[in-house]
Ligand code: SF4
Ligand code: SF4
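Structure follows, in structure tokens:
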């Protein structure tokens, strides 16, 4: 199973990763803000992740790490 982790406080809230995910499992974390004042993103349904790393490639701030 793939695992996606986020360096949450580096996220600038552009949400490009949400658009590029083919499984649409990256969601805005509306329950919290990071140190920059943005809602970060999260994956709740990690079982659905196919480990394609499109999200990590797209992220302009290298927030996302994908492990297989
Ligand atoms: S692409 Fe990167 S900076 Fe943009 S919302 Fe996703 S994790 Fe945050
Ligand atoms: S690795 Fe692929 S499937 Fe998994 S969260 Fe990132 S874009 Fe979505």
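Residue numbers (our numbering): 3 to 70. Virtual Cβ for every residue (Gly too), placed ideally from N, Cα, C. Computed from a predicted model, the values in this text were never measured in an experiment.
Leaving out the 5 sequence neighbours to the left and right, which residues in its chain are closer than 8 Å to residue i when beta-carbon positions are compared?
| i | result |
| --- | --- |
| residue 26 | 20 |
At the level of alpha carbons, what is the spacing between residue i and residue j?
| i | j | result |
| --- | --- | --- |
| residue 49 | residue 5 | 9 Å |
| residue 24 | residue 12 | 23 Å |
| residue 34 | residue 42 | 7 Å |
Who are residue i's beta bridge partners in DSSP?
| i | result |
| --- | --- |
| residue 44 | 29 |
| residue 69 | 5 |
Take residue i and list the residues in its own chain whose beta-carbon comes closer than 6 Å to its own, dropping the five residues that flank it on each side.
| i | result |
| --- | --- |
| residue 70 | 4 and 53 |
| residue 18 | 60 |
| residue 56 | 22 |
| residue 38 | none |
Which residues in the same chain as residue i place their Cβ atom closer than 7 Å to its Cβ, once the five residues preceding and following it in sequence are excluded?
| i | result |
| --- | --- |
| residue 47 | 27 |
| residue 36 | 10, 11, 13 and 42 |
If you compare alpha carbons, which of the options is closest to residue i?
| i | options | result |
| --- | --- | --- |
| residue 31 | 45, 18 and 9 | 45 |
| residue 51 | 63, 36 and 22 | 22 |
| residue 29 | 10, 38 and 37 | 10 |
With a threshold of 7 Å (Cβ to nearest heavy atom), would residue i be considered close to ligand 3?
| i | result |
| --- | --- |
| residue 39 | Annotation note on ligand 3: not contained in the displayed structure, which lists ligand 1 and ligand 2 as its ligands. |
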